[in-house]
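Below you'll find the structure, written out as structure tokens, and then a few comments.
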Amino acid sequence: MKLPIALLALALPGLAYGQTAPNAPAKKPRNLIYNGSFESSWQADNLWDGVDNDGYLAGARGSVEAVTERGTVEALALPVSVQVGDLNGDGLPDLLTADLEGYFRVYFNSGTKTEPKFTHAEMVPIYLSRFDWLKQRRALKVALSDFDRNGTLDMVIGDYAGEIMLLKNSGSALAPEFRQPAKADLLLVNTTKGGNLWGNIFAPAVWDWSRSGRPDLLVGEGSYSANAIHLLLNQGNGSAPKFSEENRFYLAYGDGREQLVPTVVDYNGDGQPDLIVGDRKGCLNLYLSEGPWSKGKELKFSSTISCGPISRFSGCIAPTAADLNGDGLFDLVIGKTNGRIAVAYNIGTKDQPKFDAPKELKGEDVWKRNTMRNPSDWTADFGREKGNIYGYLTTVKEDEDNQAAPIPDGKAVFKVGYNQPLNKIIKYSPLVIGATKDPEGASIARPNDFYAVQNHQAVGAGFNTDSNMVILRKYIENTQIKPDKDYVLSFQTKGRSIRSAKWYIQYYGYALRSESRVVGRTGSGRGVQMKHDEAREAVLETGDFAPGANWSSVSRNLKFKFVREKDLNSPETFQGSKKPVYNFLLEIRATLAPGEGVFYLDDVQFVER
Numbered sequence: 042m043k044l045p046i047a048l049l050a051l052a053l054p055g056l057a058y059g060q061t062a063p064n065a066p067a068k069k070p071r072n073l074i075y076n077g078s079f080e081s082s083w084q085a086d087n088l089w090d091g092v093d094n095d096g097y098l099a100g101a102r103g104s105v106e107a108v109t110e111r112g113t114v115e116a117l118a119l120p121v122s123v124q125v126g127d128l129n130g131d132g133l134p135d136l137l138t139a140d141l142e143g144y145f146r147v148y149f150n151s152g153t154k155t156e157p158k159f160t161h162a163e164m165v166p167i168y169l170s171r172f173d174w175l176k177q178r179r180a181l182k183v184a185l186s187d188f189d190r191n192g193t194l195d196m197v198i199g200d201y202a203g204e205i206m207l208l209k210n211s212g213s214a215l216a217p218e219f220r221q222p223a224k225a226d227l228l229l230v231n232t233t234k235g236g237n238l239w240g241n242i243f244a245p246a247v248w249d250w251s252r253s254g255r256p257d258l259l260v261g262e263g264s265y266s267a268n269a270i271h272l273l274l275n276q277g278n279g280s281a282p283k284f285s286e287e288n289r290f291y292l293a294y295g296d297g298r299e300q301l302v303p304t305v306v307d308y309n310g311d312g313q314p315d316l317i318v319g320d321r322k323g324c325l326n327l328y329l330s331e332g333p334w335s336k337g338k339e340l341k342f343s344s345t346i347s348c349g350p351i352s353r354f355s356g357c358i359a360p361t362a363a364d365l366n367g368d369g370l371f372d373l374v375i376g377k378t379n380g381r382i383a384v385a386y387n388i389g390t391k392d393q394p395k396f397d398a399p400k401e402l403k404g405e406d407v408w409k410r411n412t413m414r415n416p417s418d419w420t421a422d423f424g425r426e427k428g429n430i431y432g433y434l435t436t437v438k439e440d441e442d443n444q445a446a447p448i449p450d451g452k453a454v455f456k457v458g459y460n461q462p463l464n465k466i467i468k469y470s471p472l473v474i475g476a477t478k479d480p481e482g483a484s485i486a487r488p489n490d491f492y493a494v495q496n497h498q499a500v501g502a503g504f505n506t507d508s509n510m511v512i513l514r515k516y517i518e519n520t521q522i523k524p525d526k527d528y529v530l531s532f533q534t535k536g537r538s539i540r541s542a543k544w545y546i547q548y549y550g551y552a553l554r555s556e557s558r559v560v561g562r563t564g565s566g567r568g569v570q571m572k573h574d575e576a577r578e579a580v581l582e583t584g585d586f587a588p589g590a591n592w593s594s595v596s597r598n599l600k601f602k603f604v605r606e607k608d609l610n611s612p613e614t615f616q617g618s619k620k621p622v623y624n625f626l627l628e629i630r631a632t633l634a635p636g637e638g639v640f641y642l643d644d645v646q647f648v649e650r
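In the numbering used here, each residue carries its 1-based index in the sequence shown increased by 41.
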């Protein structure tokens with residue numbers, strides 16, 4: 042016979058009604074770190090093979106701040122930049138792209154002269170956007186040209202800041218080789234007196250426009266009002282080009298069009314170079330030459346080119362003209378803001394081009410795992426914007442990665458590592474870009490400047506670190522973590538070829554002691570000076586750990602106690618709206634051997650003792 046609960050309690054010696062049996066398991070402390078076991082995640086493309094999750098050739102998508110035709114500064118999505126050239130000497134046109142994050146990819150053509158085929162990309166082991174974050178060497182546009190006439194194609198690169206760089210091909214006609222410079226400044230091509238910049242978001246093209254036997258430089262620019270296609274005449278030679286303001290001319294005016302990207306082609310078969318210019322609104326604008334060019338002669342806008350039923354693409358475009366299918370007619374290859382590449386084949390004639398509907402190019406998922414899963418409610422970065430080529434981060438389950446077994450919580454685990462390089466033609470070795478000057482407030486190492494760091498995600502937090510460092514970051518605003526209480530931070534970890542690993546916790550408290558009051562006038566006398574009594578302090582705790590080949594536990598007892606602003610340790614001393622706010626920031630960092638390191642993390646907990 043079953044006894045009622047109340048009678049059962051009375052029947053057990055020493056057990057009063059409502060108490061817990063002495064041998065009952067203790068209640069497990071609540072983990073204050075949401076998704077510390079990495080079971081929740083969101084998907085992202087793994088673009089190191091140059092193919093997105095839907096099988097299309099693609100680079101990273103992104104936006105930059107730019108002035109609009111309304112005169113306001115807004116986020117503007119920019120296209121991947123694309124060029125066509127035979128980069129391995131097999132007589133087939135290959136594709137070179139530069140994306141918004143600053144990565145260069147080559148898609149070698151494995152098809153035939155009449156039927157091009159592109160499977161996946163080989164990464165070019167250079168990264169120019171990292172050297173000085175403040176110079177904004179990003180949003181790159183690229184052109185291909187045999188600048189020094191030695192039989193190999195070189196890169197001419199324009200950037201967001203309004204600079205032009207020349208990166209020579211030090212390889213051969215059969216295997217290109219582009220070497221990482223010690224400093225990006227070594228690649229700069231001066232286009233003005235004293236280095237004063239005269240535009241921004243440059244898109245270069247190369248053509249001997251003056252018929253001097255020297256390659257000249259054409260530059261489309263992204264600034265509004267003065268936007269144009271500029272021509273800079275080469276006063277040097279191929280190996281040492283020289284440009285100056287005295288020999289810079291307006292070749293074609295934008296007439297209100299923005300984000301101009303030029304490509305040169307004889308459009309109507311008259312033997313004269315013409316311009317096709319992509320713009321911000323997705324139009325292909327045609328500028329026809331009227332006979333040989335002379336200084337001061339302007340190319341007039343002729344018409345907008347349609348591709349089948351498409352008269353305007355969605356967003357900015359970056360076109361280039363090249364014969365992709367070997368029929369003797371130039372086609373239009375177009376970089377788009379979705380990171381993909383479209384081709385509109387020419388179905389007209391040499392003197393009357395006509396283009397069919399654009400089609401986005403597809404590749405092959407050679408890894409069969411193009412998706413990465415980022416942990417939800419965390420921000421994480423493994424050098425994606427620092428030049429850490431082939432590095433990836435994801436979450437995996439035990440049946441997906443036997444090296445992770447046995448996963449401590451038996452479900453999912455955070456993993457960082459490197460994809461196996463796909464390079465067969467382009468010489469590749471792991472690239473490490475060292476720490477650079479970081480934006481103010483991007484480092485957690487400023488314990489009393491929490492306002493400056495609290496809203497930076499892991500990418501921003503890592504600008505002052507080497508590219509082969511992973512940063513996993515959790516920020517909790519208005520946290521329930523209390524001052525002067527005992528807590529335990531713990532997590533499980535393993536890995537190989539890890540050079541260093543460290544965790545950081547920053548705890549911040551803020552409260553007003555009194556309302557703001559007027560204490561005087563400003564120097565101009567037009568305003569008032571306000572003052573309020575406030576308590577503000579940040580406490581930083583750190584610790585090193587060393588992941589090994591097997592899972593191991595890292596644990597640390599912590600108590601957050603304010604030293605300078607002791608009142609913050611007793612929140613009850615503040616009344617009403619002056620109650621303190623406590624925020625919490627956790628970072629876990631690990632530096633991996635480039636190309637070979639692997640790092641696992643699981644079961645991150647922060648509990649009150």
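Ideal Cβ positions, reconstructed from N, Cα and C, are used throughout, including at glycine.
Residue range of the unbroken beta strand (DSSP E) whose run includes residue i
i, result
"residue 576", "575-585"
"residue 360", "359-363"
"residue 303", "302-306"
"residue 651", "Residue coverage of the chain in this structure runs from 42 to 650, which leaves residue 651 outside it and unanswerable."
"residue 623", "622-633"
"residue 393", "Premise fails: residue 393 is in no beta strand (DSSP E) and is neither H nor E."
"residue 641", "639-649"
"residue 197", "195-199"
"residue 455", "453-459"
"residue 107", "104-108"
"residue 290", "289-294"
"residue 537", "527-537"
"residue 318", "315-319"
"residue 598", "593-600"
"residue 433", "432-438"
"residue 116", "114-118"
"residue 372", "372-376"
"residue 474", "Taken as a continuous stretch (DSSP letters only), residue 474 belongs to no beta strand (DSSP E), as it is neither H nor E."
"residue 382", "382-385"
Closest by C-alpha distance to residue i, when choosing among the options
i, options, result
"residue 534", "357, 111, 239, 631", "631"
"residue 614", "553, 226, 196", "553"
"residue 196", "161, 364, 363, 136", "136"
"residue 628", "639, 594, 545, 204", "545"
"residue 142", "89, 187, 160, 124", "89"
"residue 198", "161, 261, 215, 250", "261"
"residue 468", "216, 209, 105, 80", "216"
"residue 382", "322, 286, 399", "399"
"residue 538", "636, 531, 528", "636"
"residue 246", "623, 387, 362", "362"
"residue 625", "519, 461, 72, 607", "519"
"residue 335", "313, 353, 352, 348", "313"
"residue 452", "80, 374, 74", "80"
"residue 345", "332, 318, 365, 582", "318"
"residue 415", "574, 585, 87, 332", "87"
"residue 407", "587, 73, 82, 93", "93"
"residue 300", "203, 380, 530", "203"
"residue 608", "257, 550, 284", "550"
"residue 251", "164, 274, 616, 239", "274"
"residue 380", "82, 114, 95, 140", "140"
Cβ-Cβ separation, residue j to residue i (assumed contact under 8 Å), whole Å
i, j, result
"residue 270", "residue 329", "Incorrect: roughly 13 Å between the Cβ atoms, too far for contact."
"residue 655", "residue 221", "The question about residue 655 has no answer here: the residues shown for the chain are numbered 42 through 650."
"residue 138", "residue 122", "6 Å"
"residue 623", "residue 522", "6 Å"
"residue 178", "residue 200", "5 Å"
"residue 442", "residue 456", "7 Å"
"residue 530", "residue 647", "5 Å"
DSSP beta-bridge partners of residue i
i, result
"residue 228", "DSSP lists no partner for residue 228."
"residue 346", "325"
"residue 414", "84"
"residue 182", "199"
"residue 248", "257"
"residue 541", "632"
"residue 519", "Per DSSP, none; premise fails for residue 519."
Contact test: residue i Cβ vs the ligand ZN heavy atom, cutoff 7 Å
i, result
"residue 604", "By its list of ligands, the structure shown contains no ligand whatsoever, and the ligand ZN lies outside what it can speak to."
- Starting from the N-terminal side, write out each stretch of the beta strand (DSSP E) that is 3 residues or longer and does not extend beyond the stretch 122-150. Counting only runs that start and end inside the stretch 122-150, the beta strand (DSSP E) elements of at least 3 residues fall at 122-126, 135-139, 145-148.
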